[in-house]
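Novice:
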Amino acid sequence: MKDRNTTLTKGLDWPLIYLYILLVLIGLLSIYAVEHRENENFVYALTHFSRNFSQQLKWAGISGVLALIILLIDSKFFTATANLFYVFGILLLLVVLVVGRDIKGSHSWLVVGGFQFQPAEFTKLCTLLALSKYLSNVDVDFTRFRSRLIASAIILLPLAVILLQDETGLALVYFSFFLVLYREGLPGILLVIGFSLIVLVLSALLVDKVLLFIIFTAITALVIYFMRKQIARKRSALAVILLVWGFCALFVMVVVPFTFTHVLKPYQVSRINVMLGKEVSRGADYNVMQSKIAIGSGGWLGKGYLKGTQTRFDFVPEQSTDFIFCTIGEDFGFAGSLVLILIYVLLLIRIIQVAERQRSSFSRIYAYGVACVLFFHVAINIGMTVGLAPVIGIPLPMISYGGSSLITFTMLFFIMVRLDADRQMLLR
Amino acid sequence: MSAYNQSRKNIILVIFVAILAVIAMRLFYLQVIEKKYRLLATEQAVQRKVVYPTRGIIYDRQGKAVVNNDALYDLMVTPREVKQMDTAYFCELLGIDTADFRKKLHRAVVRNGWVRQSVFAPLLPKDVYGRLQENIYQFPGFDLVERPVRHYPYHCGGNIWGLIGEVDSSIIKRSNYFYQAGDFVGITGLERTYEPVLMGQRGIHYVVRDVHNRVMGSYDHGKYDTAAIAGKNLRLALDIDLQQFGEKLLQNKVGSIVAIDPKTGGILAMVSSPAYDPNSLTGSDRGNNYMELLRDPGKPLFNRAIQAMYPPGSTFKPLDALVALDEGVITPAYGIHCVGFYYGCGRVLHCTEHWPGHSKNLETAIAYSCNSYFFDVFRKIIDHAGNVAQGLTQWKNYMNAFGLGHTLGIDIPGESSGNIPDTSHYDQIFGTGHWNSCTIISCGIGQGEILETPLQIANGVCLIANHGYYYTPHFVKSIDGDTTLLAPFHKKHVVTRIPDTMYRTVVAGMAQVVAHGTGRFVQVPGVEMCGKTGTAQNPHGKDHSLFEAFAPRTNPRIAIAVVVENAGYGATYAAPIASLMVEKYLNDTIAAGPRTALKERMINTVILPDYLMKDLKKNKQEQDSVKKVAVALKDKKRQPRKAYAVNQHP
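First to last, the sequence lines map onto chains W and S. Note that the working numbering gives residue 91 to position 91 of the first sequence, counting from 1, and the numbers run on in steps of one. All you need for the working numbering is the position in the second sequence, starting with 1, plus 1000.
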């Protein structure tokens, strides 16, 4: 019973692994479809290494090997080296700032021996390990403000460096870790405040400033009117209400316009405006419009595999990477899109089930982190292809073309699988 | 810590599922509810391309292709893609200068914009195409696009085939938008009449294109495509060798030849001189050449065979004789005594013959073309009814039945109707009751108000050759895979009542014309030809020389009419030319000896009116001086090559 083989597979959560393999296969088929031309067969795509398809096949192979290696490593290795990973990751990000290469408008790529590599992808893993390590420390009391501040700092440090690299999309991914903090005890009010801030930003962009100011004032007046008894009882309530009113007014009148004119890059402003439907500038709008046309032309059941016209003939830009979902939408229609989303939902549910069965906090926090990162990627990526989210250029997990992305997700994923295999062990 | 466990896990799950559900709903809206994206996708990626069929080929009676298709090339330019290149070299290849180059490029931009392809130089000559094709890769933005044009291997018959040209807005509107701008359509001649069968059926091809507008293949494996069906071929009754021979015989003369197969009405040859080479109207110079033809005082684009109206002169006499016989005003034996004058109307009317006996009966009167005899006969026809108006109307009805005074309905457009005068015409001129058979006596010998097209003269010969019927003259014998268009040409037009014996008498007279009458110098060896000379006075100068004939006498195979303008007696030019045509058609060659000598003489004779003679000389001088200037310019052009960058536009 206790031979090597059973040790390797012991405790592995097969549903997770099956879902992972399924997604990688869908990715490969989609990339093949994008590049498929009439009168070409599978062998052609396979033997032409300049093709994205054969490249991705290579990365999938490397990922498989990497997954095996991770499964062979002792779980304690990850807790022991988590902080080391983090330091290494931050150093790597700083190195990129100095010697990085500008590719596709961001200064976030390292080119080593012909390989392009985006450390910002990799540092997701480092940050999550460090975050899990810190929060699972028995000495840390997460109800204390100091601990929350440190946890936030662990998340925000790489985020800040990545922002400096002009890779806004990947930087935003780090915000998903705050959902992990919420699971670990961060007050829900903070989530609400965060959400409110987003609403404020959006309304500041969509509604006229003066009108917004009038609306805020009216709401405040109403609140004061309805709470007049409480206010009479407790004077400080009025102060709080007025403070909130003042903050909102200041935020929409000054902070947001200032950010848009002085902090964000013009292309970022333009992308946000396009998403909000405020701008129909040809360049920024074009990608989303083409993506919507491709997906929308799929109908109920799609045009059939390899039959799409929009995705195959370069109408949709970045088809293999950021807009890979268009291929599925066009070739397989609503049915196929829904199946893909359901696969992701199943995966997320499974990961959270797995997270909740862990004995050690490290494993649980880590698994939640994986779930949150995956969710953020999926929601934003598909959201931007259908025009619900700004085009920030983050890949669809396991499906989009790209070595950095696939390998990072493989490592994130299989470290979780490895930790889960040792769920009875108490890791520190 | 674990206090938050279940509730927060669930909240996180709810957030996940809720947001993904919103995305799924958005997808449902985009893919299932909203239809516009499907249309947009088709609009973007699928292009409807019209595939033009090849135009039908025209064959002559021996199956020789007389009008076929050739490919010339248009030099196209997409101004935006024009990059830095060796413009001087390009201009040298094309034979233009850099100022021209800039002008043409500018014109392309003005017409079609920067992005769309437009014609830079149309219909390149073959040598220019050859030079350019090897080097076209050096000139980004330029492309050679094939364009089918007509080719005429025998360089003749331009007025028969007609022209094809780009449709104009009126044609488009008339066709109920079947034709689209840029389409080619038959404008004149057979090309126009048979446009519906020649053009074929356009095919529609749906192709998928990529974002750069490159064609990536057919849409849905060509499920919705319709193939272009090539135009149907026309098979003519025309004999192209005879046509060429006829044009040669009439060169440097003004006139016309119409030869018809009397058994079918099929036209064997239709010459109008001066002629032109139809190939000159297909190449890059077609615009200039066309203008030149329009300006030419010899009017080469005017199809004399069907559009020019001549007084038929004595060629008219056999028809008069038929009417007289049928009306019973004379018998074949009827004769008069003519010594060169006709006095019947109180004034002297001349006859070309004056020896006694040349009008002793109908046959000899026809053979020697006695004017006095036919003045007399014509007066009898008009007067026998007792009332000139009635007589003239009766006579006119005969003429109309003979195919005169109205268009015949030949299968090329532009036919003239000729003229047969009626009573109202004379009433208008002389007043009712103030004219009689003497007033209009010149009609008796085919002068006066009578006008016929050469086609009508030839058709009249067919009628006599057939002893009483004709088929509407036409070019097309059959159309591959179509019969409906030709139905009107299979209808026999029978001239009722006139008995066969009367035709025999007239035919005998016409046989004597050639045997020993006015046409005795043009006998065709081995063939009994029946003919009639004509010398038509006209207000434009010297008499027109006319001849009509059919042969052989029994079982006729060719009926012919020849008109040579201002050439004098019918017997001197028209008759020899007609006899050569008959010989060529029936014997396939011209017999050696005097016949070949006659042929050479006819070919080499120049009979041009003064204005054309002057023009001929002037043209020659002009051409010489133009040549000199061209040589000078060519020397000047040889300047050092200089690379010149075209302004680049994004």
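Note that CB positions come from ideal geometry on N, CA and C, so glycine has one too.
(1) Assuming the contact rule is C-beta atoms closer than 8 Å, residue 394/W and residue 92/W should be a hit. Round their C-beta distance to whole Å, please.
(2) If you measure between the beta carbons of residue 1233/S and residue 1056/S, is that distance less than 8 Å?
(3) Among 1328/S, 1207/S, 1565/S and 1529/S, whose alpha-carbon lies nearest the alpha-carbon of residue 1539/S?
(4) Does DSSP put residue 1359/S in a helix, a strand or coil?
(5) Confirm, please, whether the CB-CB distance from residue 35/W to residue 108/W is below 8 Å.
(6) Nearest chain W C-beta to residue 1037/S closer than 8 Å, yes or no?
(7) In angstroms with no decimal places, state the Cα-to-Cα distance between residue 1156/S and residue 330/W.
(8) Would you call the segment 1423–1430 of chain S in contact with the segment 1480–1495 of chain S, where contact means no fewer than 3 C-beta pairs closer than 8 Å?
(9) When the Cα atoms are used, what is the spatial distance from residue 1404/S to residue 1218/S?
(10) With DSSP collapsed to three states, give me the class of residue 1431/S.
(11) Residue 183/W versus chain S: which residues are under 8 Å apart at the beta carbon?
(12) Which runs of the alpha helix (DSSP H) fall wholly inside the segment 193–251 of chain W and span at least 4 residues, in chain order?
(13) Nearest chain W C-beta to residue 1487/S closer than 8 Å, yes or no?
(14) List the residues of chain S that residue 79/W touches, going by C-beta distances under 7 Å, in chain order.
(15) So which of 1158/S, 1285/S and 1180/S has the shortest CA-CA distance to residue 1240/S?
(16) Please list, in chain order, all residues of the same chain as residue 1164/S whose beta carbon is under 7 Å from its beta carbon, the five residues on each side excluded.
(17) Answer yes or no: does any C-beta atom of chain W fall closer than 8 Å to that of residue 1081/S?
(18) Considering only the alpha carbon of each residue, which of 1108/S, 1440/S and 1409/S lies closest to residue 1491/S?
(19) In the DSSP assignment, what residue or residues form a beta bridge with residue 1203/S?
(20) Would you say residue 1031/S faces chain W, with C-beta separation under 8 Å as the test?
(21) Taking the C-alpha atoms as reference points, what is the distance between residue 127/W and residue 1042/S?
(22) Over the uninterrupted beta strand (DSSP E) stretch that includes residue 1560/S, give me the two end residues.
(23) Establish whether the CB of residue 1139/S and some CB of chain W are separated by less than 8 Å.
(24) Check for me: the beta strand (DSSP E) holding residue 102/W runs from which residue to which?
(25) In three-state terms, what does DSSP make of residue 1168/S?
(26) Quick one: grab the DSSP three-state call for residue 1390/S.
(27) Please report the Cβ distance between residue 365/W and residue 180/W, rounded to the nearest whole angstrom; I am assuming they are in contact, meaning their Cβ atoms lie under 8 Å.
(28) If we count Cβ pairs, one from each stretch, closer than 8 Å, do we get three or more for the segment 1570–1584 of chain S versus the segment 1520–1540 of chain S?
(29) Please determine if the segment 75–92 of chain W and the segment 124–144 of chain W are in contact, where contact requires at least 3 C-beta pairs separated by less than 8 Å.
(30) Within 8 Å of any Cβ in chain W, is that where the Cβ of residue 1016/S sits?
(31) Between residue 1505/S and residue 1363/S, is the Cβ-Cβ spacing less than 8 Å?
(32) Can we say the segment 1277–1293 of chain S touches the segment 1132–1148 of chain S, given the rule of at least three CB pairs closer than 8 Å?
(33) Hey, is residue 1046/S's beta-carbon within less than 8 Å of any beta-carbon in chain W?
(34) Roughly how many angstroms lie between the CA atoms of residue 96/W and residue 408/W, to the nearest whole one?
(35) For residue 10/W and residue 374/W, what's the separation of their Cα atoms in angstroms?
(36) When you compare only the Cα positions, how much space is there between residue 1298/S and residue 1168/S?
Specialist: Taking the geometry as given:
(1) Position 394 of the first sequence, counted from the start, is the residue given in the question as residue 394/W. Position 92 of the first sequence, counted from the start, is the residue given in the question as residue 92/W. Contact doesn't hold; Cβ gap of about 19 Å is too wide.
(2) Residue mapping note: residue 1233/S aligns to position 233 of the second sequence, counting from 1. Residue mapping note: residue 1056/S aligns to position 56 of the second sequence, counting from 1. For residue 1233/S and residue 1056/S, yes; Cβs fall inside 8 Å.
(3) Locating residue 1539/S in the second sequence gives position 539, counting from the first residue. Considering only alpha carbons, the answer is 1565/S.
(4) Numbered from 1 along the second sequence, position 359 holds the residue referred to as residue 1359/S. If DSSP states are grouped into helix, strand and coil, residue 1359/S belongs with coil.
(5) As a first step, residue 108/W is located in the first sequence; it is residue number 108 there, counting from the start. As a first step, residue 35/W is located in the first sequence; it is residue number 35 there, counting from the start. No.
(6) On the second sequence, residue 1037/S is found 37 positions in, with the first residue counted as 1. Closer than 8 Å to some Cβ of chain W, the Cβ of residue 1037/S qualifies, so yes.
(7) Taking the first residue of the second sequence as position 1, residue 1156/S is located at position 156. Taking the first residue of the first sequence as position 1, residue 330/W is located at position 330. About 60 Å.
(8) no
(9) Stepping through the second sequence from its first residue, residue 1404/S is reached at position 404. Stepping through the second sequence from its first residue, residue 1218/S is reached at position 218. Looking at the two C-alpha atoms, the distance is approximately 58 Å.
(10) Numbered from its first residue, the second sequence carries residue 1431/S at position 431. Reduced to three states, the DSSP call for residue 1431/S is coil.
(11) Along the first sequence, read from residue 1 onward, the residue named residue 183/W stands at position 183. Within chain S, the residues near residue 183/W are 1004, 1008, 1009 and 1012.
(12) 209–226, 228–233 and 235–250
(13) Walking along the second sequence from the start, residue 1487/S turns up at place 487. By this cut-off, residue 1487/S is not an interface position.
(14) Start at 1 with the first residue of the first sequence, and residue 79/W comes out as number 79. Chain S residues near residue 79/W: none, gap ~18 Å exceeds 7 Å.
(15) Sequence index remark: in the second sequence, residue 1240/S carries index 240 (1-based). With distances taken between Cα atoms, residue 1240/S lies closest to 1158/S.
(16) Position 164 of the second sequence, counting from 1, holds the residue named residue 1164/S. Around residue 1164/S: 1150, 1184, 1185, 1186, 1187 and 1191.
(17) Start at 1 with the first residue of the second sequence, and residue 1081/S comes out as number 81. Chain W, which has no Cβ nearer than 8 Å to the Cβ of residue 1081/S, makes this no.
(18) If you number the second sequence from 1, residue 1491/S lands on position 491. It is 1409/S.
(19) Within the second sequence, numbered from 1, the residue matching residue 1203/S stands at position 203. Answer is 1051/S, bridged to residue 1203/S.
(20) For the purposes of this step, residue 1031/S is identified with residue 31 of the second sequence, where counting begins at 1. So, interface residue.
(21) One-based indexing of the first sequence puts residue 127/W at position 127. One-based indexing of the second sequence puts residue 1042/S at position 42. Taking the straight line joining both Cα atoms gives about 46 Å.
(22) Sequence index remark: in the second sequence, residue 1560/S carries index 560 (1-based). Residues 1558–1564.
(23) Counted from its first residue, the second sequence places residue 1139/S at position 139. Closer than 8 Å: no.
(24) Along the first sequence, read from residue 1 onward, the residue named residue 102/W stands at position 102. From DSSP, the beta strand (DSSP E) with residue 102/W extends over 101–103.
(25) Position 168 of the second sequence, counted from the first residue, corresponds to residue 1168/S. Reduced to three states, the DSSP call for residue 1168/S is coil.
(26) Here residue 1390/S corresponds to residue number 390 of the second sequence, with the count starting at 1. Residue 1390/S: helix per DSSP, three-state reduction.
(27) In the first sequence, the residue the question calls residue 365/W occupies position 365. In the first sequence, the residue the question calls residue 180/W occupies position 180. 6 Å between Cβ atoms; contact.
(28) yes
(29) yes
(30) The residue given as residue 1016/S occupies position 16 in the second sequence. Closer than 8 Å: yes.
(31) Taking the first residue of the second sequence as 1, we reach residue 1505/S at position 505. Taking the first residue of the second sequence as 1, we reach residue 1363/S at position 363. Cβ distance < 8 Å, so residue 1505/S and residue 1363/S count as in contact.
(32) no
(33) Within the second sequence, the letter at position 46 stands for residue 1046/S. Chain W, which has a Cβ nearer than 8 Å to the Cβ of residue 1046/S, makes this yes.
(34) Counted from its first residue, the first sequence places residue 96/W at position 96. Counted from its first residue, the first sequence places residue 408/W at position 408. Cα to Cα, residue 96/W sits roughly 17 Å from residue 408/W.
(35) Here residue 10/W refers to the residue found at position 10 when the first sequence is read from its first residue. Here residue 374/W refers to the residue found at position 374 when the first sequence is read from its first residue. Residue 10/W and residue 374/W: Cα-Cα distance of roughly 25 Å.
(36) Here residue 1298/S is taken as the residue at index 298 of the second sequence, counted from 1. Here residue 1168/S is taken as the residue at index 168 of the second sequence, counted from 1. So the alpha carbons of these two residues sit roughly 28 Å apart.
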